[in-house]
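Below is one structure, written out as structure tokens, with a few remarks after it.
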Amino acid sequence: MLSPQSIEKIEYELTKYPANQRQAAVMSALRIVQTERGWLSQESITEVAQYLGMPEIAAMEVATFYNMYDLAPVGKYKVTVCTNISCMLRDSDEIVDHLKEKLGIGFNEITADGKFCLKEGECMGACGGGPLMIVNNHTMHEFLTPEKVDKILDELE
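Add 1363 to a position in the sequence shown, counting from 1, and you land on the number used in the numbering used here.
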């Protein structure tokens, strides 16, 4: 069941759309539920679809299309590194190698303690600040160096 807190936030998002277009809030609703639960289970997606009065498959299509939605547990901190051309030209490969070594995991893996998951990201639209990463889909860090990455990770622990 959706929590009262999630329902309140989804209801706020619904005010942004015509009353007969509740499905327009599906991206926001999925984000709200994922933020609360850490990831989107099939049950979570079903709950969102039912609450918005839309076909479950339509909500699933959204959840599987966008890489910001996690359909499996990702650990407490999901670290997504941009590896597209602009960041790559600014040494994102060095950042990726450093993260893999420091965390002891590869892309789409979770550390043994469940604290970190490492993801490869598409362009995040902040090419001037590359290389960059986003933590938990919310906090972007730009102009990364191995030292700056270590500081960010230390602050998360």
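Here a beta-carbon is modelled for each residue, glycine too, at the ideal position from N, C-alpha and C.
Every value quoted in this text rests on a predicted model; they were computed, and no experiment measured them.
| Asked | Found |
| --- | --- |
| N-terminal and C-terminal residue of the alpha helix (DSSP H) that residue 1338 is part of | Because the chain is modelled from 1364 through 1520, residue 1338 falls outside the range shown and cannot be assessed. |
| Distance between residue 1378 and residue 1495 (C-alpha atoms, nearest Å) | 34 Å |
| Residue 1485 (DSSP reduced to helix, strand or coil) | coil |
| Residue 1458 (DSSP reduced to helix, strand or coil) | helix |
| Nearest-angstrom Cα separation, counted from residue 1464 out to residue 1426 | 30 Å |
| Contact between the region 1448–1456 and the region 1404–1417 (3+ Cβ pairs under 8 Å) | no |
| Residue 1505 in three-state terms, based on DSSP | coil |
| Local conformation of residue 1443 per DSSP, three classes | strand |
| Contact the region 1394–1409 vs the region 1460–1480: 3+ CB pairs below 8 Å | no |
| Check whether residue 1442 and residue 1482 have beta carbons under 8 Å apart | yes |
| Start and end residues, alpha helix (DSSP H) containing residue 1373 | 1367–1377 |
| As assigned by DSSP and simplified to three states, the class of residue 1479 | strand |
| Per DSSP, cross-strand counterpart(s) of residue 1496 | 1444 and 1504 |
| Status (buried if at least 16 other CB within 10 Å, exposed otherwise) for residue 1384 | exposed |
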